[in-house]
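Undergrad:
Protein chains in written order, with this note's numbering: chain F, 72 to 358; chain Y, 72 to 358; chain A, 72 to 358; chain H, 72 to 358; chain D, 72 to 358; chain G, 72 to 358.
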């Protein structure tokens, strides 16, 4: 369908109230899944984020990097052990994780944002002392799988105040300079809380939380924190949605106004979430 | 035609390169004609200007007010004399001009911009010593029809730096505190030069400069300053277009990058001019 | 009497303690009455206000405009109805009020201040969303006679921080973009409270509050808020003094340190009030 | 003569154009002579300087201290030798000079200004590296009588930008930490040039430059630099006026707009010079 | 002993953690005793203080000046009376005190700091209204021996924010412009409290507080406020140490983190105190 | 040898003049060679750089990463072809280069600096559009071996103004988002020129330029640009020294005051170079 110039102008004007509402707001975006691996989707995410910056928001990107890490571990013939379903991260694995996340994935996102007209700067949780980490399992059985101990968002503040889009690899460091591999959703939530962000958007490969997981029309648009225990007990929040929802709950109870589980497979899903009234996933609110 | 959410997102993203190009730029808009009198068009202009502000431009509005002035003069039974086609502005007329422009038209535009989500402030050339004027005809035959002697844009700088959209009534003042009625096109051009604006947009009730005035398909999209004398001699620039083009020439030779004569009768014509590649009038360039 | 240079110097030096005390203070001045209509008095008020600005105070002017409005309504043969002694402001009347206040009276004051060496900027309550209004009488019998709902003083802050003297026409606006005509004393008091002003000065055509209204030597120099009910009951505060005193009480209970009812018919009465110990009216204090 | 309140107000208003003209201007005042020794005059000078600060000027005070130095030298029985009419400053003398100027005279002026409502800070040319000096006579015959080699006005800038009135003792220092006693007029002129001051005022005990030194009515109100050689040759500029005029010439040729030789014996002479049209001495201009 | 370049580098690096800890901290130093009278020691103190400034601390110097005052009083044959062991400061004595402290000692320290590469500015408690004083003995028996009534540290803030090292003569002033001679330790403590300093260092001519005053190896490194009464009762804190300790107690109970009584006879004792772990005196802490 | 506290203090004070000279200066350090691979040396470099930051300099680190890249290429069995002695960088190689430099080496340096007390942020030439690159060999025979086309130092400015130490991986990007591997010496020189740095330090594994390459006592301490052609012709500048010297020449002719080829195998060689007079390599000057 070809739009006339006038129709285009009308669309721009329709966005005005949303632009106004979000002016100067901080939005942390966990970027991953299909939106990161499919070229077309990826380009659209880049455009969405740069547009957010130009219309006055402060997007902050936290990325994962699963498939690339697995690929590189395979090429290097590094075996992966699993304990309780979690990949054990030994020293060799950690080295690869860090190279792939910080040296490859992070910089590809930076290039993509810059090519779309933004000014992005890629850092990891080590830079500027951003993320202090500790092992998830103090016994050491999981190796260097970490969790966020504290966030010092000063470097992010410096970057956003100077017009940059921060892109963050989810790596932390402890006092002995040991690196930790941290789940990107958790890093995004911690940074959103630490930055007093207005919004946290988790891009996923599902439509959101479904009442019936096999019926995509059963989307739960709004999920209250108070409903979570019941939904978990009832099996509606299950599997991979459990940690996602947990992240959102942590964020909203930590002061983030709204958090969203959004389907990254929908083109421009971030923009749709922010600039239109049409639901594109599940919003978790602190009620 | 109903657009899908995706189509809307695509349109927003299409605007990104234009948003980027105009970020932080100053655009002086002469607002008048049908775009000011027809309610629907008026609302669209307000939206366009507020959108410009939110995506990082600095719009500055200069308005005329012809019909309202004529109406009020009629209601007050003040006769209008004409000399060489110019309305003689005596003391009584000037009082009405000032009340209508500064008290009615100016504040209506301010309200409209504020209602559309902007923060507008209406001033006249008297405020902050913005426009020092002198009579067009020193003999006094035209009364208080003035021209711009100097522009002191400090108050406009203060307003735009603090997030406001300045709306300016085309009235000047001389050292004896005498007010003058000045053509709004000329005021817009002078302010554009004084502000080192990047763009001057004159909203008119014609499609632009036409090769054949009866053929709207004969639009001259780009007019070089060097072509003007020939076009005037050839009668292509004639009648009311002569002062319009003269304004544009003054502006571009005074340092404004581009000036545009745009058809205000086209909905969202300002937005189209700025955010699309499609020609919506005549651009005058300094070549 | 001709003063010697030395005597002049002595006077300047005498003012020093007052200049020091008021350095950086905000003073809202309700300007109206004889001080606005008599040419000589008017010029002196302009000088007083500009001087205040130069010696480090922040004067903010709110003006009325009664006689000019009445005159213009007469010229336009618009009849005025009265309900309970208040002029009903219908749509036609409101249009005239706005034109006269915003386009004529406001700009005359601006010109006068600028001619006296100041940098004044005239706005109305519509500009920058300064005054949100609502009808005094919700039944609508009084038409568009309004009262202040909220004050957003951001535009005044911007202007005074940048060296300007704000001059404000007492017009408000509601969410439907309807204009309201508001009593200037009330606007001055609301702005004084909203700006956390140190002083509110109401220029009137009486010497202040008199114990005996026929004896100008019976001036009550200091009126405590606690005394007001008794004085009203006793008929000492009566007639036009009731709303004036009410304004002052609102201001001082709202946080303005001192409010003054000053005789605008006395030349330089503002300056006398601020720079000398000699009483020039009635001061209302929150005791 | 007792002035009425109105007369006082008129005087304040009369000062307005002068206040406006000098707003933000830097005025270096060489303070000495009778204005420093007579209590009444001294108090008036203090008031004048504080008033200048409050109405927006930046006064900078440089003081001498002759009689106090002589007195202390006498009390300490330190003999004074003279070479070519200049007091030889040996090490013992220099110590006394510095104590008296920096510890006594300087702080008395500071106290006086503070008591008059100012915020004064007293420094010498040693503080903040303000004045680098060298001996007037390289042969050493005059001891530590110095002249200004360079001025680094950074400390003065810091003080005036933060609301202080700098009070400067005319002492310099060389690279070997040797102190020098420098003529206060010369220091004032050097600082005025170094600060790009608008005005230099030298307070003296004469009415200004007189055509006939015995006829105080023969005051030369304006002295052009081009006239100086002729007046020196003609003996009109003679004796103590030679170095005074030389200072003024250095200042105006160095970029100070105007310099004044003013009679410090006239009460409020500084204020008269700045705030009135009446001549109170000789102005030297660069013509 | 000649150090190799490498050894020097190692020392610099050893200081790094201390530099980091004290970055941006305010340190008030009471300067006096042998460290002020012996040339070699004096030079080292100057270097220490300038180094502190360059590595990011904000040193603030308060000095005494006993011997110079005594010397000058002797040269002027001014007799000194004592009451209860305190020198009575009559008007003549006060004049000398002020000249010597403000004009001689203060400026010598300034010169020394500047010659060592700093930017020092010398002021007294009169400058900028720094110290308001009152007589220690209201009966007047001690004359103008004063104590600190209030400290207004604004001038010190201005100086340190602009890169200067303030050097302060311990003189205060009352509302009648009367100067007072105040004990320098007390001034240092009051300023440390008023500035919310992190550290107060009192340079003395003793090794610190000794358990046995005749055994320099019996140094009490840390003295808790709670121990003071017992130590006074036990005679361990005795004589001149009583006021010293009292100063320290006032400072730490007033909010200064740490105070130190340091042996100024040890070369570079300030630097040692700050940059090494080795004890160089007694630290008083608020426990 | 154990140094006494006093000796340590003396060393700190000795550094004062150097600290003063370099206050606020920008120093670009090319970090590589033994100083990066040997643990002890590495820790000392980190300390040196952090110390520079704390004493007021702005160190900017550019690093190479040769051995790690070779190691990873080996582990991934990626063959390396050489053309004219330069490693051909194909797409696979480039991916590894970027991962190793940006994800591993860069972050290790960041961690080291942070552990030493600094606030470091690691970026590559892609971040913030820092380095725009083009192929060294347009024919493409060398693959993605690049050279600097332009430097946009804005991100570095942002970082150093906010207290960070930038650590830069020598990777550039062209308009098609293609990454290039660039020689770190060249990147350091380009950034030094682009930042108007005061000093460029190249850490190498040689003592500097030797007159006789087998005699380490034949060090050429100062090399003038004008001497370079002769020395190249004479074989004194040969082999790996040719590109090093070329970098230095580019930097000094581009406006960098001084450049140094320093022996990174000497502990604390950077500190020695900056804080002592002892020669630790070859300085290239623009003469």
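Where is the CB? At the ideal position from N, CA and C, for every residue including glycine.
For residue 85(G) and residue 296(G), what's the separation of their Cα atoms in angstroms?
TA: The residue you call residue 85(G) lines up with position 14 of the sixth chain. The residue you call residue 296(G) lines up with position 225 of the sixth chain. C-alpha separation (whole angstroms): 31 Å.
Undergrad: Can you find a CB in chain A that lies within less than 8 Å of the CB of residue 72(Y)?
TA: As a working mapping, residue 72(Y) is identified with position 1 in the second chain. Below a pLDDT of 50, predicted positions are generally treated as unreliable, and residue 72(Y), at 49, falls in that range; the measurement from the model is reported next regardless. Not closer than 8 Å to any Cβ of chain A, the Cβ of residue 72(Y) fails to qualify, so no.
Undergrad: Using Cβ-Cβ distances below 7 Å, what residues of the region 229-254 of chain G are close to chain F?
TA: Those residues of the region 229-254 of chain G that come within reach of chain F (Cβ to Cβ, closer than 7 Å) are 229, 233, 235, 244, 248.
Undergrad: Is DSSP giving residue 169(Y) helix, strand or coil here?
TA: Within the second chain, residue 169(Y) is the residue found at index 98, counting from 1. In the structure shown, residue 169(Y) sits in a helix (DSSP, three-state: H, G or I).
Undergrad: Which residue comes first and which comes last in the beta strand (DSSP E) that contains residue 218(D)?
TA: Position 147 of the fifth chain, counted from the start, is the residue given in the question as residue 218(D). Unbroken beta strand (DSSP E) run through residue 218(D): 216-222.
Undergrad: Closest Cβ-Cβ distance between residue 258(A) and chain Y: below 8 Å?
TA: In the third chain, counting from the first residue as 1, residue 258(A) sits at position 187. By this cut-off, residue 258(A) is not an interface position.
Undergrad: Taking the continuous alpha helix (DSSP H) assigned at residue 340(A), which residues delimit it?
TA: Counted from its first residue, the third chain places residue 340(A) at position 269. First-last of the alpha helix (DSSP H) with residue 340(A): 340-346.
Undergrad: Can you check whether the CB of residue 218(G) is closer than 8 Å to the CB of residue 203(G)?
TA: Working through the sixth chain from its first residue, we reach residue 203(G) at position 132. Working through the sixth chain from its first residue, we reach residue 218(G) at position 147. Contact: no.
Undergrad: Check the Cβ of residue 338(D) against every Cβ in chain G and list those closer than 9 Å, keeping chain order.
TA: Taking the fifth chain and counting its residues from 1, one reaches residue 338(D) at position 267. Chain G residues near residue 338(D): 77, 80, 81.
Undergrad: If we ignore side chains and look at the alpha-carbon of each, how far apart do residue 187(F) and residue 278(G) end up?
TA: Position 116 of the first chain, counted from the first residue, corresponds to residue 187(F). Position 207 of the sixth chain, counted from the first residue, corresponds to residue 278(G). The straight-line gap from Cα to Cα measures roughly 46 Å.
Undergrad: Buried or exposed, going by whether 16 or more other CB atoms sit within 10 Å of the CB of residue 185(G)?
TA: For the purposes of this step, residue 185(G) is taken as residue 114 along the sixth chain, with counting starting at 1. Residue 185(G) should be labelled buried.
Undergrad: Within 8 Å of any Cβ in chain G, is that where the Cβ of residue 127(D) sits?
TA: Within the fifth chain, residue 127(D) is the residue found at index 56, counting from 1. So, interface residue.
Undergrad: In angstroms, rounded to a whole number, what distance separates the CA positions of residue 206(F) and residue 79(G)?
TA: Locating residue 206(F) in the first chain gives position 135, counting from the first residue. Locating residue 79(G) in the sixth chain gives position 8, counting from the first residue. About 41 Å.
Undergrad: List, in order along the chain, the chain A residues whose C-beta lies closer than 7 Å to that of residue 147(Y)?
TA: The count along the second chain starts at 1 and reaches residue 147(Y) at position 76. Residues of chain A passing the Cβ test: 146, 147.
Undergrad: Rounding to the nearest angstrom, what Cα-Cα distance links residue 351(D) and residue 329(D) in this structure?
TA: Residue mapping note: residue 351(D) aligns to position 280 of the fifth chain, counting from 1. Residue mapping note: residue 329(D) aligns to position 258 of the fifth chain, counting from 1. Rounded to whole angstroms, residue 351(D) to residue 329(D) spans 14 Å at the Cα level.
Undergrad: For residue 234(D), I'd like the list of residues in its chain whose CB is within less than 7 Å of its CB, leaving aside the five on either flank, ordered along the chain.
TA: Here residue 234(D) corresponds to residue number 163 of the fifth chain, with the count starting at 1. Closer than 7 Å at the Cβ level, and outside the excluded window around residue 234(D), lie 190.
Undergrad: What residue does the alpha helix (DSSP H) around residue 97(A) start on, and which one ends it?
TA: In the third chain, residue 97(A) corresponds to position 26, counting from 1. Careful: residue 97(A) lies outside any alpha helix (DSSP H), inside the beta strand (DSSP E) at 97-102.
Undergrad: Give me the residue from 169(G), 355(G), 214(G), 200(G) with the minimum Cα distance to residue 157(G).
TA: On the sixth chain, residue 157(G) is found 86 positions in, with the first residue counted as 1. Answer by Cα proximity: 214(G).
Undergrad: For residue 229(H), count neighbouring C-beta atoms within 10 Å of its own C-beta (all shown protein chains included) and say buried if the count is 16 or more, exposed if not.
TA: Position 158 of the fourth chain, counted from the first residue, corresponds to residue 229(H). By the neighbour-count rule (16 or more Cβ atoms within 10 Å), residue 229(H) is buried.
Undergrad: On the CB-based measure, 16 or more other CB atoms within 10 Å of its CB, does residue 302(Y) come out buried or exposed?
TA: In the second chain, the residue the question calls residue 302(Y) occupies position 231. Residue 302(Y) is buried by the Cβ-count criterion.
Undergrad: So what's residue 245(A) in DSSP terms, helix, strand or just coil?
TA: The residue labelled residue 245(A) in the question sits at position 174 within the third chain. DSSP places residue 245(A) in coil when its eight states are reduced to three.
Undergrad: Can you tell me which of 153(A), 164(A), 136(A), 208(A) puts its alpha carbon nearest to the alpha carbon of residue 144(A)?
TA: If you number the third chain from 1, residue 144(A) lands on position 73. Out of 153(A), 164(A), 136(A), 208(A), 164(A) has the C-alpha closest to the C-alpha of residue 144(A).
Undergrad: So if DSSP puts residue 275(D) in a beta bridge, which residue, or which two residues, is it bridged to?
TA: Translated into positions along the fifth chain, residue 275(D) becomes position 204. Answer is 334(D).
Undergrad: Is residue 240(H) helix, strand or coil when you go by DSSP?
TA: What you label residue 240(H) is simply residue 169 of the fourth chain in a count that begins at 1. It is a strand residue.
Undergrad: Thinking C-beta only, is residue 257(H) closer than 8 Å to residue 318(H)?
TA: Translated into positions along the fourth chain, residue 318(H) becomes position 247. Translated into positions along the fourth chain, residue 257(H) becomes position 186. Yes, the pair counts as a contact, with Cβ atoms nearer than the cut-off.
Undergrad: CA-CA distance, residue 208(H) and residue 216(H)?
TA: Residue numbering aside, residue 208(H) sits at position 137 when the fourth chain is read from its first letter. Residue numbering aside, residue 216(H) sits at position 145 when the fourth chain is read from its first letter. Between residue 208(H) and residue 216(H), the C-alpha separation is close to 8 Å.
Undergrad: Report the neighbours of residue 332(Y) on chain A: residues whose CB is nearer than 9 Å to its CB, in chain order.
TA: Residue numbering aside, residue 332(Y) sits at position 261 when the second chain is read from its first letter. Under the 9 Å cutoff, chain A gives no residues; its nearest Cβ is about 29 Å from residue 332(Y).
Undergrad: Would you check if the distance between the CB atom of residue 343(G) and the CB atom of residue 99(G) is smaller than 8 Å?
TA: Within the sixth chain, the letter at position 272 stands for residue 343(G). Within the sixth chain, the letter at position 28 stands for residue 99(G). No, they are not a contact pair.
Undergrad: With 16 other CB atoms within 10 Å as the buried threshold, where does residue 286(D) fall?
TA: Indexing the fifth chain from 1 puts residue 286(D) at position 215. That one is exposed.
Undergrad: If we cut at 8 Å on Cβ distances, does residue 219(A) have a partner in chain H?
TA: By 1-based counting over the third chain, the position of residue 219(A) is 148. Answer no: the Cβ-Cβ gap between residue 219(A) and chain H never drops below 8 Å.
Undergrad: Would you tell me roughly how many angstroms separate the C-alpha atoms of residue 183(D) and residue 95(Y), rounded to the nearest one?
TA: Translated into positions along the fifth chain, residue 183(D) becomes position 112. Translated into positions along the second chain, residue 95(Y) becomes position 24. Approximately 51 Å between the Cα atoms of the pair.
Undergrad: In chain A, which residues lie with their C-beta within 8 Å of the C-beta of residue 85(H)?
TA: For the purposes of this step, residue 85(H) is taken as residue 14 along the fourth chain, with counting starting at 1. Neighbours of residue 85(H) on chain A, chain order: 79.
Undergrad: Quick one: Cα of residue 306(D) to Cα of residue 316(D), how far?
TA: Taking the fifth chain and counting its residues from 1, one reaches residue 306(D) at position 235. Taking the fifth chain and counting its residues from 1, one reaches residue 316(D) at position 245. Rounded to the nearest angstrom, the two C-alpha atoms are 13 Å apart.
Undergrad: Quick one: what does DSSP say residue 250(F) is sitting in, helix, strand or coil?
TA: Mapped onto the first chain, residue 250(F) falls at position 179. Three-state DSSP puts residue 250(F) in a strand.
Undergrad: Would residue 91(A) pass as an interface residue toward chain Y - the criterion being a Cβ-Cβ separation below 8 Å?
TA: Position 20 of the third chain holds residue 91(A). It does not: the Cβ of residue 91(A) has no partner Cβ on chain Y nearer than 8 Å.
Undergrad: Mind checking which residues open and close the alpha helix (DSSP H) that includes residue 87(F)?
TA: Within the first chain, residue 87(F) is the residue found at index 16, counting from 1. That run of the alpha helix (DSSP H) goes 87-93.
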